[in-house]
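What follows is a short report on a single structure.
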Amino acid sequence: MHALILAGGLSHERDVSIRSGRRVMEALRTTVDKVTMVDVDTELIPTLRHGDIDVVWPLVHGATGEDGSLQALLELVGVPFVGTASPSARVAWNKAVSKAVMARSGISTPDHVTLPQSLFREVGAEQVLDTVVARFGLPVVVKPVRGGSALGVSIVHDRGDLARAMVHCFAYGDTALVEKHIPGTEVAMSVLGTGDDARVLPAVETVTDGAYDYDARYNPGRVEYFAPARLTESQAAEAATTALAVHRSMDLRDLSRIDLILDETGVAQVIDINITPGMTETSLFPQAAEAAGLDLGRVYREVVDTAAARGATR
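So this is what it looks like as C-alpha cells:
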C-alpha cells in the first residue's frame, strides 16, 4: 500500500493543511507500507500518473481542496481517493446550497440570508444592514458563503459593528451568509464511513474565550475542549442522529465533521459541514477518535483501505 497525501495549496488555510497532512502521515506510517506527502503544484499530475500510488488522501483545505475541484481532477486522472466525490463536495462547500439541501431533508439550520457584495453597492449598504437587523435581530453570525476554518467569520452583537463584519467577510469571498445566532452548546460531530455503514464518533464540545475563530481553532489556549461532550443522553442522540442525516443526505464519503449547536430546546442546528476535517494537534476529528478509544493509525488505515477498494469512482 502506497498512500499519497496531498497538502498545502494556495488558499488562506495552507498552513493548516500542511499541519494536517503531517499528522496524518505520522499516524499512517505505523500501518501503511509507504506514505508520502506532496503539495498541489505543477508536478501533481505527473506524480499521480507515474508514482505507483494506490490511494490519495486530499487534505487541502480551502477552495481548491474542498469545492470539488481537486476531487474532479483526481476523478479525471483515475486514481482512488479518500473523501467525498466532486458533485457532493461542490454542494457541501457552498453554505447556502447545503442549507437548502438540509432544509429539504428536514434538518434544522439557523435562519439566514445570502448577500452578494454587489447588492450593497446597488441598494445601499446601510439600508441592507438595517433590514438584516430588523429581520434577525442581534446577535447575528456573518460568514463567507464559501470557506472554512472560520476565516472571515464574525459574531455581531452591536449594530455599529455589522458593517465592519461584512468588510471582513468580503475579504474572503464576494458573497456573505448572515444567519441568526443560536445560543446553546456547540459540538463537533465526526462521522466515519459511507451510507448505511457510516458511524458517529463521540461529540466534542468547544467552549471558547470569544468567537471560535481561526486563531482559537489552531492556537492552543483560547478553547476548552470536552471529549466526549457534556451532553445528556437525549442531547447526544439528537446530535448523532442529525450528523448522520447530514452525512447521508449530502452523499458524503469516508469521513466528515458536522458542526452544530444544540439550542435551548434541545434541537440540533447545523452550522457547518466539513468534508476535509482538520487533522492538526488541536483539531476535533482526532479528538473524537481518541475519545472513542480508537487508534488513529488504525482509523486512518481503515479510511485509505476503503477508498482504495472503492477505486476511482464518482
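Using the UniProt record's numbering, you'd call the opening residue of the sequence shown number 1 and step up by one each time.
For glycine and all other residues, C-beta sits at the position ideal for the given N, C-alpha and C.
It should be emphasised that the depicted structure is a prediction, and the values quoted were computed from it without experimental measurement.
So what's Ala203 in DSSP terms, helix, strand or just coil? Start at 1 with the first residue of the sequence shown, and residue 203 comes out as number 203. Here Ala203 sits in coil by DSSP.
Element boundaries [alpha helix (DSSP H), containing Pro305]: By 1-based counting over the sequence shown, the position of residue 305 is 305. According to the sequence displayed, residue 305 carries Asp and not Pro. Unbroken alpha helix (DSSP H) run through Asp305: 296-310.
Kindly indicate which three-state DSSP category Arg146 falls into: helix, strand or coil? As a first step, residue 146 must be located in the sequence shown, where it is residue number 146. Of the three classes helix, strand and coil, the one that applies to Arg146 here is strand, per DSSP.
Using the three-state DSSP reduction, which class does Pro116 fall into: helix, strand or coil? Looking up residue 116 in the sequence shown gives position 116. Strand.
Among His12, Glu75, Asp52, the one whose alpha carbon lies nearest that of Gly311: By 1-based counting over the sequence shown, the position of residue 311 is 311. Checked all of His12, Glu75, Asp52; the closest Cα to Gly311 is Glu75.
From the DSSP output, in three-state form, read off Gly184 for me. The count along the sequence shown starts at 1 and reaches residue 184 at position 184. Note: Gly184 maps to strand in three-state DSSP.
Rounded straight-line distance, which links the Cα of Thr109 to that of Val123: Here residue 123 corresponds to residue number 123 of the sequence shown, with the count starting at 1. Here residue 109 corresponds to residue number 109 of the sequence shown, with the count starting at 1. C-alpha separation (whole angstroms): 28 Å.
Consult DSSP for Leu138 and reduce its assignment to one of helix, strand or coil. Here residue 138 is taken as the residue at index 138 of the sequence shown, counted from 1. Of the three classes helix, strand and coil, the one that applies to Leu138 here is coil, per DSSP.
DSSP has Leu4 in a bridge; who is on the other side? Locating residue 4 in the sequence shown gives position 4, where the first residue counts as 1. According to DSSP, which records beta bridges pairwise, Leu4 is partnered with Thr36, Val56.
Residues near Arg48 in its chain [Cβ-Cβ closer than 6 Å; skip 5 each side]: Within the sequence shown, the letter at position 48 stands for residue 48. The amino acid occupying residue 48 in the given sequence is Leu; Arg does not appear at that position. Contacts found: Val77, Val79.
Residues bridged to Tyr225 by DSSP? As a first step, residue 225 is located in the sequence shown; it is residue number 225 there, counting from the start. Partner(s): Thr206.
Are the CB atoms of Lys180 and Asp130 nearer to each other than 8 Å? One-based indexing of the sequence shown puts residue 180 at position 180. One-based indexing of the sequence shown puts residue 130 at position 130. Result no, Cβ atoms of Lys180 and Asp130 do not sit closer than 8 Å.
Excluding five sequence neighbours on each side, which residues of the same chain lie with their C-beta closer than 7 Å to the C-beta of Gly62? The count along the sequence shown starts at 1 and reaches residue 62 at position 62. Contacts found: Gly9, Ser11, His12, Glu13, Gly148.
Contact under 8 Å by Cβ, residue 315 with Leu119: Residue 315 lies beyond the stretch modelled for the chain, which goes from 1 to 314, so this question has no answer here.
Measuring straight from C-alpha to C-alpha, what distance separates Glu302 and Leu6? Counted from its first residue, the sequence shown places residue 302 at position 302. Counted from its first residue, the sequence shown places residue 6 at position 6. Near 18 Å, if we compare the C-alpha coordinates of Leu6 and Glu302.
Within a Cβ cutoff of 7 Å, which residues of the same chain sit near His168, ignoring the five residues on either side of it in sequence? Stepping through the sequence shown from its first residue, residue 168 is reached at position 168. Excluding residues within five positions, the ones whose Cβ falls inside 7 Å are Gly152, Ser154.
Less than 8 Å between the C-beta atoms of Leu201 and Glu238, yes or no? Here residue 201 is taken as the residue at index 201 of the sequence shown, counted from 1. Here residue 238 is taken as the residue at index 238 of the sequence shown, counted from 1. Against a cut-off of 8 Å, the Cβ pair of Glu238 and Leu201 comes out as no contact.
Cross-strand partners of Glu66 (DSSP beta bridge): For the purposes of this step, residue 66 is identified with residue 66 of the sequence shown, where counting begins at 1. According to DSSP, which records beta bridges pairwise, Glu66 is partnered with nothing at all.
Nearest candidate by alpha-carbon position, reference Gly266, set Val55, Leu70, Val187: Here residue 266 is taken as the residue at index 266 of the sequence shown, counted from 1. When only C-alpha atoms are compared, the closest one is Val187.
Can you find at least 3 beta carbon pairs, one from the segment 219-233 and one from the segment 136-150, that sit closer than 8 Å? no
Under 8 Å by Cβ, that's how I've got Thr84 and Arg253 pegged, so tell me the actual separation to the nearest angstrom. Taking the sequence shown and counting its residues from 1, one reaches residue 84 at position 84. Taking the sequence shown and counting its residues from 1, one reaches residue 253 at position 253. That belief holds up - the Cβ atoms of Thr84 and Arg253 are roughly 5 Å apart, short of 8 Å.
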